[in-house]
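As structure tokens, the structure follows; a few thoughts come after it.
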Amino acid sequence: MEEFKLPTPELKDLRGRQSVRATFKLSPRAIAVLSAVATHLGIKQKSLFDQLIEDTASLQAIAREIEPVAFRSLERVQKTFVISRRTLVSLEETARGASTPRDALVEYSIQRLLPVLSEEREKHRKRKTLREDIRRQVAEAGKTLKKAVALLGEEDPLTLRLGEAVRGLHALETFLEELLEKGEAIERF
Numbered sequence: 016m017e018e019f020k021l022p023t024p025e026l027k028d029l030r031g032r033q034s035v036r037a038t039f040k041l042s043p044r045a046i047a048v049l050s051a052v053a054t055h056l057g058i059k060q061k062s063l064f065d066q067l068i069e070d071t072a073s074l075q076a077i078a079r080e081i082e083p084v085a086f087r088s089l090e091r092v093q094k095t096f097v098i099s100r101r102t103l104v105s106l107e108e109t110a111r112g113a114s115t116p117r118d119a120l121v122e123y124s125i126q127r128l129l130p131v132l133s134e135e136r137e138k139h140r141k142r143k144t145l146r147e148d149i150r151r152q153v154a155e156a157g158k159t160l161k162k163a164v165a166l167l168g169e170e171d172p173l174t175l176r177l178g179e180a181v182r183g184l185h186a187l188e189t190f191l192e193e194l195l196e197k198g199e200a201i202e203r204f
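Structure, rendered in structure tokens:
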């Protein structure tokens, strides 16, 4: 068997991908925002958390803007997250370098999701307005299919194609209902 000369992964990179548990004191709102965005977008909380915190430029900008008095006045609760070791190291280095509590960095990093949440909430509202239009189209297409069966028979090519279209509309309606159900989590914000 022929050997390939491939680069070997460095141990520090492999360790950086390890998952670790880290506990933070965050506002209930921040915890809810992270959960809602992750659920709505179909992203694991760990991935979303890692993505927010590994953005060191944003973390440093947040560290410069944090007002300690405002942060301390927040009602906070302990919450344990599973995050990557690399994320935890990045967070701790930034917090230490900026003399800022890491909980504050996490709290305000999560606030960066608020515009995303707002945009998704607006899309959710618009999808709800389309729901009735789609339901009417499904009902009309069903009536047209019944008429085609009565006039042309079940095996006519037009009837068969119309049946496919009706099934497609039913699938669209089901997809929309699932999307709206998943989006209910963001309506609270």
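First residue of the sequence shown: 16, per the numbering used here; consecutive thereafter.
In this text, a Cβ means the ideal position worked out from N, Cα and C, and glycines have one as well.
query: Below 9 Å between beta carbons: does that hold for T115 and I81?
result: Taking the first residue of the sequence shown as position 1, residue 115 is located at position 100. Taking the first residue of the sequence shown as position 1, residue 81 is located at position 66. Yes.
field: Anticipated Cβ contact below 8 Å, I77 with S34, distance rounded
entry: Within the sequence shown, residue 77 is the residue found at index 62, counting from 1. Within the sequence shown, residue 34 is the residue found at index 19, counting from 1. Contact doesn't hold; Cβ gap of about 24 Å is too wide.
task: Indicate the three-state DSSP secondary structure (helix, strand or coil) for R127 in the structure shown.
output: Sequence index remark: in the sequence shown, residue 127 carries index 112 (1-based). If DSSP states are grouped into helix, strand and coil, R127 belongs with coil.
query: So the beta strand (DSSP E) A37 belongs to, where does it begin and stop?
result: Position 22 of the sequence shown, counted from the first residue, corresponds to residue 37. Element bounds for A37: 34-41.
task: Verify whether the separation of the beta carbon atoms of L103 and L74 is less than 9 Å.
output: Translated into the one-based positions of the sequence shown, residue 103 becomes position 88. Translated into the one-based positions of the sequence shown, residue 74 becomes position 59. The answer is no: Cβ separation not under 9 Å.
task: Pick out whichever of V153, E196, A163 has its Cα sitting closest to the Cα of V181.
output: Along the sequence shown, read from residue 1 onward, the residue named residue 181 stands at position 166. V181 has its Cα closest to that of V153, out of V153, E196, A163.
query: By Cβ distance below 6 Å, which residues in the same chain neighbour A64 in space, the five residues on each side in sequence not counted?
result: Locating residue 64 in the sequence shown gives position 49, where the first residue counts as 1. For the sequence presented, residue 64 should be read as Phe rather than Ala. Correct list, in chain order: F96, I98.
task: Could you tell me which uninterrupted alpha helix (DSSP H) segments, each at least 4 residues in length, are contained entirely in the stretch 55-129, listed from first to last along the chain?
output: 60-68, 71-80, 83-87, 100-113, 117-126
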